[in-house]
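Heads up: the structure comes next, in structure tokens.
Protein chains: 2
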Amino acid sequence: MILYDREHEDREAIGTALAEARGLSLIKPYDAPDVIAGQGTCGFEIAVQAAEVGIDQADVLVCCGGGGLTSGVALALEHEAPKMRVRPVEPVDFDDVTRSLQSGRRESNDRSGGSICDAIVTRSPGEMTFPLMRDLCGPGIVVPEDDCLRAISVAFSRFKLVLEPGGAIALAAALYHGDQLSGDHVICIASGGNIDAQLFTRALQTYPCP
Amino acid sequence: MILYDREHEDREAIGTALAEARGLSLIKPYDAPDVIAGQGTCGFEIAVQAAEVGIDQADVLVCCGGGGLTSGVALALEHEAPKMRVRPVEPVDFDDVTRSLQSGRRESNDRSGGSICDAIVTRSPGEMTFPLMRDLCGPGIVVPEDDCLRAISVAFSRFKLVLEPGGAIALAAALYHGDQLSGDHVICIASGGNIDAQLFTRALQTYPCP
Numbered sequence: 001m002i003l004y005d006r007e008h009e010d011r012e013a014i015g016t017a018l019a020e021a022r023g024l025s026l027i028k029p030y031d032a033p034d035v036i037a038g039q040g041t042c043g044f045e046i047a048v049q050a051a052e053v054g055i056d057q058a059d060v061l062v063c064c065g066g067g068g069l070t071s072g073v074a075l076a077l078e079h080e081a082p083k084m085r086v087r088p089v090e091p092v093d094f095d096d097v098t099r100s101l102q103s104g105r106r107e108s109n110d111r112s113g114g115s116i117c118d119a120i121v122t123r124s125p126g127e128m129t130f131p132l133m134r135d136l137c138g139p140g141i142v143v144p145e146d147d148c149l150r151a152i153s154v155a156f157s158r159f160k161l162v163l164e165p166g167g168a169i170a171l172a173a174a175l176y177h178g179d180q181l182s183g184d185h186v187i188c189i190a191s192g193g194n195i196d197a198q199l200f201t202r203a204l205q206t207y208p209c210p
Numbered sequence: 001m002i003l004y005d006r007e008h009e010d011r012e013a014i015g016t017a018l019a020e021a022r023g024l025s026l027i028k029p030y031d032a033p034d035v036i037a038g039q040g041t042c043g044f045e046i047a048v049q050a051a052e053v054g055i056d057q058a059d060v061l062v063c064c065g066g067g068g069l070t071s072g073v074a075l076a077l078e079h080e081a082p083k084m085r086v087r088p089v090e091p092v093d094f095d096d097v098t099r100s101l102q103s104g105r106r107e108s109n110d111r112s113g114g115s116i117c118d119a120i121v122t123r124s125p126g127e128m129t130f131p132l133m134r135d136l137c138g139p140g141i142v143v144p145e146d147d148c149l150r151a152i153s154v155a156f157s158r159f160k161l162v163l164e165p166g167g168a169i170a171l172a173a174a175l176y177h178g179d180q181l182s183g184d185h186v187i188c189i190a191s192g193g194n195i196d197a198q199l200f201t202r203a204l205q206t207y208p209c210p
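So the protein lines, in turn, are chains A and B.
The opening residue of the first sequence carries number 1 in the numbering used here; numbering runs sequentially from there.
The opening residue of the second sequence carries number 1 in the numbering used here; numbering runs sequentially from there.
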């Protein structure tokens, strides 16, 4: 395992250099066709499960970093449930995808770290994922970090699920940013639970859910 | 909603009196055929999912209070996976089912409350559930409460699940009482997450899971 300083080092560059020096294959965490296709199976599951309860139209909120999960889900839904609309959800100050979708080109964030939503913080959308999101997604939704902590507490209390901030951000958008949604149905992906006990406890204590 | 004092009042008597006074149907939480059958669907799921990975023989650990879930699962497995053996799991001091299986008749606990495993604390096995468990289950496993807190921390860290003490007791048996198990496969049911933030936090802080 090779650790790095995400504030001052570039993991892409480290990965590329390692792959070249050791003759390894680099599998990028989102900008790779097989990764996008694999994450897209989540969209397939959404289409199947929604159809079982008679839903073919919905805003589908996806926790969004580099856009692998988002573009994969959007691709799957384009085929399986084309009336659904994918909405990328990002934290405040790390809204590169939302701004890229607005401007039509890949925008970057000023910072590469310093968010509790660290799992979904990337500098900019992927070269491969951005065109897919541009063609297939609705507008992004930008959520303050504290709303993620509130959603973690709701997921604990109501769904009995452990979520990390970045994995709870789509739920946070559904719960606290409904003014940006339309239609009767909202589907959100809860995409990760890598949270330490200290931060989890802080979420439960700061935002107790009755 | 009618609240009662579980240490000094008898909920069975309260329920029966209410049903008579108001002409209502009393649906008991475990000693009722439809409830047992409904909970047995969990055993059916176990058989199907285990078969998918080629497993037809296992100790199946079930969080056990009055025995509705336990006897339902045992009934389902008798038909769907008859080589599996159901093992009821109970907290120390509330091991009425384990002792009843040993003696062959319905034994009682001295206390009816005072456990953090409150969801699975009952005075004695049900009239309907006991004969089923007697005919179909292996020996009970009795687990200290602290092991349930440890299992809650493991479930948080490894499975990203929120469990209450009584719902984590089968996992606790698997993790810390393996000396009472035999065979290569152990299946446990995680049966509830009704835990408040305070007790959950205590579990994570007391038994941190690296």
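C-beta: ideal position from N, C-alpha, C; glycine also.
Quantities reported herein were computed from a predicted structural model and do not represent experimental measurements.
query, result
"Would A197/B count as contacting chain A if we go by Cβ distances under 9 Å?", "yes"
"In chain B, what lies closer than 7 Å to P208/A by C-beta?", "A197"
"At 8 Å on the CB atoms, spell out the chain A contacts of T41/B, in chain order.", "Per Cβ cutoff of 8 Å: no residues; T41/B is ~17 Å from chain A at best."
"Report the residue ranges of all alpha helix (DSSP H) runs contained in full by the stretch 58–112 of chain B; include only those spanning at least 4 residues, in chain order.", "68–80, 96–103"
"Does DSSP classify C137/A as helix, strand or coil?", "strand"
"Measuring only between beta-carbons, confirm whether G193/A sits less than 9 Å from chain B.", "yes"
"So, for V211/B: in the same chain, excluding its five sequence neighbours on each side, which residues have a beta-carbon less than 7 Å away from its beta-carbon?", "As displayed, chain B neither begins before 1 nor continues past 210, which places residue 211/B out of reach and without an answer."
"Which parts of the stretch 141–192 of chain A are runs of the alpha helix (DSSP H), unbroken and 4 residues or longer, counting only runs that do not cross its ends?", "145–154, 169–176"
"Using only CA atoms, which one of L75/B, E127/B, T16/B lies nearest to F44/B?", "L75/B"
"Can you tell me the Cα-Cα spacing of A170/B and D59/A, whole angstroms?", "39 Å"
"So, does the CB of L171/B fall closer than 9 Å to a CB anywhere in chain A?", "no"
"Kindly indicate which three-state DSSP category D118/A falls into: helix, strand or coil?", "helix"
"So, helix, strand or coil for I14/A, using DSSP?", "helix"
"Name, please, each residue of chain B whose Cβ falls closer than 7 Å to the Cβ of Q49/A.", "Within chain B, no residue comes near Q49/A; the closest Cβ sits about 16 Å away, beyond 7 Å."
"Give a yes or no on whether 9 Å exceeds the smallest Cβ distance from L161/A to chain B.", "yes"
"Indicate whether at least one CB of chain B lies closer than 9 Å to the CB of L69/A.", "no"
"Any beta carbon from chain A within less than 9 Å of S182/B's own beta carbon?", "no"
"Using alpha carbons as the reference points, say which of R99/A, T70/A, G193/A lies closest to I160/B.", "Checking the sequence, you will find Lys at residue 160/B rather than Ile. Of R99/A, T70/A, G193/A, the residue nearest in Cα terms is G193/A."
"Could you tell me how far apart the beta carbons of S115/B and E164/B are, in whole angstroms, since I believe they sit closer than 8 Å?", "About 11 Å separates the two Cβ atoms, so there is no contact after all."
"Return the residue from the list A51/B, F94/B, G104/B that minimises the CA-CA distance to E80/B.", "A51/B"
"Does the beta-carbon distance from L204/A to F200/B come in below 9 Å?", "yes"
"Run through chain A and tell me which residues come within less than 8 Å of L204/B, C-beta to C-beta.", "A197, F200, T201"
"How many Å lie between V142/B and Q198/A at the Cα?", "31 Å"
"Would you mind working out which of V62/A, G138/A, P208/A sits nearest I152/A, comparing C-alpha positions?", "P208/A"
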